[in-house]
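Enquirer: One structure, as structure tokens, below. Some questions next.
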Amino acid sequence: MSDGEPGLEELAAELEAVADKLRAEAIDAEEAADLVERCAELAQRIGAEIDARSRSAGEAEGQERLL
166 MSDGEPGLEE LAAELEAVAD KLRAEAIDAE EAADLVERCA ELAQRIGAEI
216 DARSRSAGEA EGQERLL
């Protein structure tokens, strides 16, 4: 994650808000489709952030064992 981009917590909060809107409001099919696409995009970004953090943590652990 670089400066200016939302962090994991912000992405998760936005995903929750979009999902709540999908469930709670009377929306038309086009808006529902847009919200579903946004949920998918946010979920992908969250997954990528988690993967990056896991790789970073794994690399650091490996370095400690080599030292």
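Plus 165 on top of the position in the sequence shown (first one is 1) and you've got this note's numbering. Built from N, CA and C at the ideal position, the CB exists for glycine as well. The structure presented is a predicted model; accordingly, all values stated were derived computationally and were not measured.
1. DSSP three-state label for methionine 166, please.
2. Measuring alpha carbon to alpha carbon, tell me which of Asp216, Cys204, Leu173 and Ile192 ends up nearest valine 183.
3. Look up arginine 203 in the DSSP assignment and say whether it is helix, strand or coil.
4. Suppose the cutoff is 6 Å on Cβ atoms and the five residues either side in sequence are ignored; what does the same chain contact list for arginine 210 look like?
5. Where do the N-terminal and C-terminal ends of the alpha helix (DSSP H) with alanine 177 fall, by residue?
Expert: To lay it out plainly:
1. For this step, residue 166 is matched to residue 1 along the sequence shown. At methionine 166, the pLDDT of 49 sits below 50, so the modelled position is not reliable and the matter cannot be decided from this model.
2. Translated into positions along the sequence shown, residue 183 becomes position 18. Nearest option by C-alpha distance: Cys204.
3. Start at 1 with the first residue of the sequence shown, and residue 203 comes out as number 38. Per DSSP, reduced to three states, the secondary structure at arginine 203 is helical.
4. Along the sequence shown, read from residue 1 onward, the residue named residue 210 stands at position 45. Excluding residues within five positions, the ones whose Cβ falls inside 6 Å are Leu176.
5. Stepping through the sequence shown from its first residue, residue 177 is reached at position 12. That run of the alpha helix (DSSP H) goes 173-189.
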